[in-house]
Structures are given as C-alpha cells and as structure tokens.
Amino acid sequence: MAAPKLKMRLGDLLVDKDIISNDQLMQALSSQKQTGRKLGDTLIELNYLSERQLLEFLAQQLNVPFMDISQFKISPAVSSLLPEVHARRLRALIIEDRGASVLLGMSDPADLSGLDQLERMLSPKRIELAVVMESQIFDAFDSLYRRTAEIESFASQLEEEYEESSSFDLATTFLDEGGDATVGKLLQSVFEDAVQMRASDIHIEPEEHQLRIRQRIDGVLQEKILKENKIASAMVLRLKLMAGLDISEKRIPQDGRFNLDISGHNIDVRMSTMPVQYGESVVMRLLDQSAGLLSLEQTGMPADIVKRIRLQIHRPHGMVLVTGPTGSGKTTTLYAALSELNEASKKIITVEDPVEYRLPRINQVQINTKIDLTFSSVLRTALRQDPDIMMVGEMRDQETVEIGLRGAITGHLVLSTLHTNDAITSALRLIDMGAAGFLVGSALRAVIAQRLVRRVCDSCAIEYQADEQELFWLTNLAGERAKNIQFMQGKGCQTCHYTGYKGRIGVFEILEMNEGMMAALKRNDSELFAKLSKENPSFTPLAKAAFDYAATGITTVEEVLRLVETIDIN
Numbered sequence: 004m005a006a007p008k009l010k011m012r013l014g015d016l017l018v019d020k021d022i023i024s025n026d027q028l029m030q031a032l033s034s035q036k037q038t039g040r041k042l043g044d045t046l047i048e049l050n051y052l053s054e055r056q057l058l059e060f061l062a063q064q065l066n067v068p069f070m071d072i073s074q075f076k077i078s079p080a081v082s083s084l085l086p087e088v089h090a091r092r093l094r095a096l097i098i099e100d101r102g103a104s105v106l107l108g109m110s111d112p113a114d115l116s117g118l119d120q121l122e123r124m125l126s127p128k129r130i131e132l133a134v135v136m137e138s139q140i141f142d143a144f145d146s147l148y149r150r151t152a153e154i155e156s157f158a159s160q161l162e163e164e165y166e167e168s169s170s171f172d173l174a175t176t177f178l179d180e181g182g183d184a185t186v187g188k189l190l191q192s193v194f195e196d197a198v199q200m201r202a203s204d205i206h207i208e209p210e211e212h213q214l215r216i217r218q219r220i221d222g223v224l225q226e227k228i229l230k231e232n233k234i235a236s237a238m239v240l241r242l243k244l245m246a247g248l249d250i251s252e253k254r255i256p257q258d259g260r261f262n263l264d265i266s267g268h269n270i271d272v273r274m275s276t277m278p279v280q281y282g283e284s285v286v287m288r289l290l291d292q293s294a295g296l297l298s299l300e301q302t303g304m305p306a307d308i309v310k311r312i313r314l315q316i317h318r319p320h321g322m323v324l325v326t327g328p329t330g331s332g333k334t335t336t337l338y339a340a341l342s343e344l345n346e347a348s349k350k351i352i353t354v355e356d357p358v359e360y361r362l363p364r365i366n367q368v369q370i371n372t373k374i375d376l377t378f379s380s381v382l383r384t385a386l387r388q389d390p391d392i393m394m395v396g397e398m399r400d401q402e403t404v405e406i407g408l409r410g411a412i413t414g415h416l417v418l419s420t421l422h423t424n425d426a427i428t429s430a431l432r433l434i435d436m437g438a439a440g441f442l443v444g445s446a447l448r449a450v451i452a453q454r455l456v457r458r459v460c461d462s463c464a465i466e467y468q469a470d471e472q473e474l475f476w477l478t479n480l481a482g483e484r485a486k487n488i489q490f491m492q493g494k495g496c497q498t499c500h501y502t503g504y505k506g507r508i509g510v511f512e513i514l515e516m517n518e519g520m521m522a523a524l525k526r527n528d529s530e531l532f533a534k535l536s537k538e539n540p541s542f543t544p545l546a547k548a549a550f551d552y553a554a555t556g557i558t559t560v561e562e563v564l565r566l567v568e569t570i571d572i573n
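Here my numbering is used: the first residue of the sequence shown is 4, the next is one more, and so on.
1. In the DSSP output, which residue or residues are listed as bridge partners for glycine 282?
2. Name the DSSP bridge partner or partners of valine 67?
3. Counting pairs of beta carbons, one from the region 202 to 212 and one from the region 285 to 293, are three or more of them closer than 8 Å?
4. Give the DSSP-derived three-state secondary structure of glycine 14 in the structure shown.
5. Beta carbon of leucine 480, beta carbon of alanine 469: below 8 Å?
6. Quick check on valine 323 - is its C-beta less than 8 Å from some C-beta in chain D?
7. Going by C-alpha distance, which of Ala464, Glu518, His89 and Arg387 is nearest asparagine 539?
8. Which ranges would you report for the beta strand (DSSP E) in the region 444 to 477 if only whole runs of at least 3 residues count?
9. Just reading off the beta strand (DSSP E) that threonine 377 is part of, what are its end residues?
10. What would DSSP say about tyrosine 338, mapped onto helix, strand or coil?
11. Are glutamate 164 and threonine 185 close, meaning C-beta to C-beta below 8 Å?
12. Looking only at its own chain, which residues have a Cβ that is under 8 Å from the Cβ of glycine 181, when we skip the five neighbours before and after it?
13. In whole angstroms, what is the alpha-carbon distance linking isoleucine 250 and leucine 244?
14. Figure out for me which residue from Ala533, Arg458, Ala522 and Lys494 has the closest Cα to the Cα of glycine 506.
15. Run through the DSSP bridge pairs and tell me what threonine 326 is partnered with.
16. Alanine 340 to serine 236, Cα distance in whole Å?
17. Give the straight-line distance between the Cα atoms of leucine 118 and aspartate 44, rounded to the nearest whole angstrom.
18. CB-CB under 7 Å to glycine 574, same chain, minus the five flanking residues each way: which ones, in chain order?
19. Using a Cβ-Cβ cutoff of less than 6 Å, which residues in the same chain neighbour glutamine 225 once the five nearest sequence positions on both sides are dropped?
20. Mind checking which residues open and close the beta strand (DSSP E) that includes threonine 353?
21. At 3 residues or longer, what runs of the beta strand (DSSP E) sit wholly inside the region 487 to 530?
22. Kindly confirm or deny that the region 519 to 531 and the region 436 to 452 touch, where touching means at least three C-beta pairs closer than 8 Å.
23. With a Cβ-Cβ cutoff of 8 Å, do serine 298 and isoleucine 427 count as a contact?
24. Just reading off the beta strand (DSSP E) that proline 209 is part of, what are its end residues?
25. State the beta-bridge partners of glutamate 99 as determined by DSSP.
26. Locate the beta strand (DSSP E) running through isoleucine 220, then write down its first and last residues.
27. At the level of alpha carbons, what is the spacing between lysine 227 and isoleucine 216?
28. Once the 5 residues before and after phenylalanine 171 are set aside, which same chain residues still bring their CB inside 6 Å of it?
29. Note down, in chain order, each residue of its chain lying with its Cβ closer than 6 Å to the Cβ of serine 293, except the 5 sequence neighbours on either side.
30. Please report the residue range of the beta strand (DSSP E) in which phenylalanine 261 lies.
31. Between the region 415 to 429 and the region 390 to 404, can you find at least three pairs of beta-carbon atoms closer than 8 Å?
32. Could you name the residues of the same chain whose beta carbon sits closer than 7 Å to that of arginine 12, not counting the 5 residues immediately before and after it, in chain order?
33. Output the boundary residues of the beta strand (DSSP E) element that contains methionine 394.
34. Within its chain, find whatever has a CB closer than 7 Å to the CB of alanine 246; leave out the 5 residues flanking it on each side and keep chain order.
35. Is DSSP giving histidine 268 helix, strand or coil here?
36. Are the beta-carbon atoms of phenylalanine 550 and valine 563 separated by less than 8 Å?
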C-alpha cells in the first residue's frame, strides 16, 4: 500500500479543526521538548483530548478506518503472521488475513518508517491499514501471543528426548544426559505465559495419561492439558533443584522458594510439592516483587474505608485484624498498612511464614518450625526488642493469640490476620481459640474483613437482567431497590480473553469496637456482641458492599452471589 500521509503537521491540523486551541498546542510542544515524547501522546497526557478522539481524527485525515477490536475475534494463527517481537516494537497487529492482503491495525498510522518495515516483513501480502487504540492492541498481544504452541513444542521435544534416554525411569540421569536444557526452556515458557496472563498461581498436576498445567487468573483456574504425561517427573525435579529441595524424597510434601527474572519482572516463587497417585503435584505462588508495594488507596479500598483504617493503624496501641479466606488479599492490605507506618521513628517487627516482601528498616522474621522458631516463640522475643508495632502473619493458636493480645494492651500496635469469614465472627473466634474475653475486649480495636471479586470487562460490558431466583437473593440482601437496578455483565471479548471479566477489586467491611461491644466481649456474651455489631451505624456487611459494586456496574450479580455463599448474611 502507499503509506498514508498527513497534508499538514498533526498539531496544526488539530488547531485548524478546532479540536485543540493554539495555546494548548504551544503548551504541548513545550512539554514535548522536555520529555521527547510524541506530540499525540503529550496531548493525551495533558488531557487536551482523549486517545480515541486523536485516533478517530487521524483515521479520518488519512482516509483509513478506525476499528474497535475489543469485539473482534482475532485468530492467533492470523496474528502470528507478524512475529511478536516486531508486533510489540511497532505497535501493530494483524487483525485479518484476506488472502492477497492483511488487515493491519496500528496505533500510530503516521509512523511511515514502521509501515515501510511492516511492508517488507509481510511481503508479498499487501497491507490494508486500520487505526486501533494502543491499549486494545497491547491487550490483544497478551491474549494472542501466548506461549501455548511453544509449551506444546517443548513438551513434545522433551518427551522424545526422555524416551531416548538410557535411563527412562530416572529423571536425574536424564537431566545429567542433556535433558536439562529442554526442561529449562519448557519451564521458562510456562512462567513467561503465566506472567503475561497475570496469573497468581501455577499448578502442575500429573495424571495417568496426561499432564495438567493450570493457572489461577483473577481467582479462577484456567487449564492446559499436555498429552506428554511422562515429562512430569523431569519438570518436578528441575523445580526442586531451583527451590533447593531434597530431590531424592518423593514420599512427603516439601516447601521451598526461588526467584526468577521473567520479561523484566522479578518474580518470587513459593513452591509446594505433594505426593499424588501418579507422581508429585506442584503448586507455585507467583509474587511480582518488581510491582512494588501498594498504598492503601491503591488497593482499591473506598475512600471512607481508607480513612477509617488509617485512623486505626495510627493508634499507639491495640490490635487490628485483617480477615478472610486464602487469596482474599489480606497480605496486600497488611503490607500497605506497614508501608505507611514505616518511619524512622518507629520500630517495626514482623513475624511471617513466609516473608513475602522485603521491606527496608523493618525487622522481618521468617518462621521455621523445624528449629522451634514458631510464631509464639518469636513473639515473646519480639516483645523484648522494644517494638512500637508488630505484625504477626497469622493468629494460628491459643498461645500466639494470647501473646499478641497482651502485647496490644501493653503499649504496642499489633497487626495480624485470621482465617474467618467476616469481621463479627473474628472477635468471637479469638475467644473460641482460648483467649480470655477480658483480653479480647481490652485489646481488639478493629477488624477488617475482605474478599476479592472480579471486575466486569469495560470493553464488552452489556446490561444484564437478573432472573427470578437471583432477584430473590438480591432483594433479601438489599431490599426492594434491587428490583430497580440495571446490572451489568461482560459478554466476552478479546480484551478479557472471552471471560467477561478483567481484573479484581477488593470488597471490604470494617468493624470498629465501641464501649458496648468491648463490654460484651469482656463478659463473653457473643449474642450481644453480634447484635451490637450489626446495629453499629458505621458497619456495612461484606455482602452489601459487594451489592453496591454490582449496582454501579463494577462487578456482576454472579460475583455477588458467589461471595454471599461464603458468608452468613443474616
């Protein structure tokens, strides 16, 4: 194709069409000289126009179509006509193969140099150009340029090498004979795919006739099945070596950790192995250390919750608990609080299993039960280290609970987690674990309960009408107003990998102790405590907080009801 050209400079064109003012153009040009960025990017950054406005204008001027590809189903085989490295560098994506030509989307159609390179790469096919938003192109990259074919290729190669090995049944010998290189490439591809998809966990599960590799994405497992089930032992062995585990021991579970640098991300991998019927199952939790710590605001908490939590964590003493099931974001909330409290004037000690983030100035202790370095034993020592603030990874037993509570009433701020379903039952759980009611009532200041729900994908959100059964539950939860709300759901698109969801957001409830509630705890009166808690005007239960998200289109009815199933809403 003949490369399209603008008849005037972009800035002059925008001014000529009254899209921006001359003053705005001058300010953008001045800013551009300092940053070196393209004029279009600078105008968007200064909020003089949106990315969509700019691209629609460019498409009109260049006489090429503007396309919204979020609703366009693109084949990975088609997109792969342009290798990923070139696609990402030139911000270009093949949308459709039309035989003698390809429909190519670009976020910068005025990039003549890039177009020339693309024409040479795709020759003899002609290029039919379309303008596409850069954000949509990058979302499509993550979906289309997955490592699926690469993983299958390495798995097949590995099985062939494994079967040719002189010692088929002994993975150690196989690795020594050169198979280690192929295993490494396979695992590298598995990790790269997981990081690209923002997976939180990788599961490797050997079965009789296949090997199942699953990734937890936005809290939901997605799986890939490999027919090469015999390679599982070599993969597990290599992972054990990386984690410093005993490779000769396959009969008992083992835990370890290691670090990887994947596509510029520093990934901390926590690994757990468990013997199963056809080998060893491996689960790896991925923690992106390069992403850094989130502030309280960045966790997605509503502003009023942030304000109330901030008030509690800046108290000089007392206990603040964060509760919820595994994977609900408790650790993220605690680290956000610690990050805010981390000042030169405060001595902070944490007792964790494991230590997830390394924090400067904070004394972090890793639990090791093999040498009797338990939560309770470390807590006793920590109290003699003159701390202002202590963070206990989890209240696991009576001794740990009692030491933590006594620390909270003797001038220390104690932050910790508890595996309970909601804030009200958390205080009562401490008593059930053997703590004296007077201790709980005197020490506990606030309980934060939380869950993670999936966000509706903005690119494919459509209106959703709740059915009769859903309305029954929603009305029970929020009253008659539930019948007059227009809910949303995602129909599935390229951006969200056809799930209808993209990303997650925290749902929070915070229970702050008042005099009546503390008195009820001291008397071990659980019924009165629960009654006073629910009557507390500042208390909004988790289920109602989730419903509010659905009412504003942030999440779906499905996610609200999924959360309701895990808690008592009465």
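The C-beta atom is built at its ideal place from N, Cα and C for all residues, glycine as well.
Quick answer:
1. Val279
2. In DSSP, valine 67 forms no bridge with anything.
3. yes
4. helix
5. no
6. Looking for chain D here will not work: only one protein chain is present.
7. Glu518
8. 447 to 459 and 464 to 467
9. Annotation: threonine 377 is outside any beta strand (DSSP E) and is labelled neither H nor E by DSSP.
10. helix
11. Yes. Within cutoff.
12. Only weak support exists for where glycine 181 lies, its pLDDT of 47 falling under 50; the coordinates are left without a value.
13. 7 Å
14. Nearest to glycine 506 by C-alpha distance, out of Ala533, Arg458, Ala522 and Lys494, is Arg458.
15. Looking at the DSSP output, threonine 326 shares a beta bridge with Leu421 and Ala452.
16. 42 Å
17. 19 Å
18. Since the displayed the chain opens at 4 and closes at 573, residue 574 lies outside it and no answer follows.
19. Gln218
20. 351 to 355
21. 490 to 493 and 504 to 515
22. yes
23. no
24. 204 to 209
25. Leu106
26. 214 to 220
27. 5 Å
28. Any reading at phenylalanine 171 needs caution, since the residue's pLDDT is 43, under 50, leaving its predicted position unreliable; the model's value is listed next. Spatial neighbours of phenylalanine 171 in its own chain (CB-CB distance under 6 Å, excluding positions within 5 residues in sequence) are not present.
29. The answer, listed in chain order, is His268 and Asn269.
30. 257 to 265
31. yes
32. Hits under 7 Å: none found.
33. 392 to 395
34. Gly259, Arg260, Phe261 and Met274
35. DSSP places histidine 268 in strand when its eight states are reduced to three.
36. Yes, the Cβ-Cβ distance between phenylalanine 550 and valine 563 is below 8 Å.
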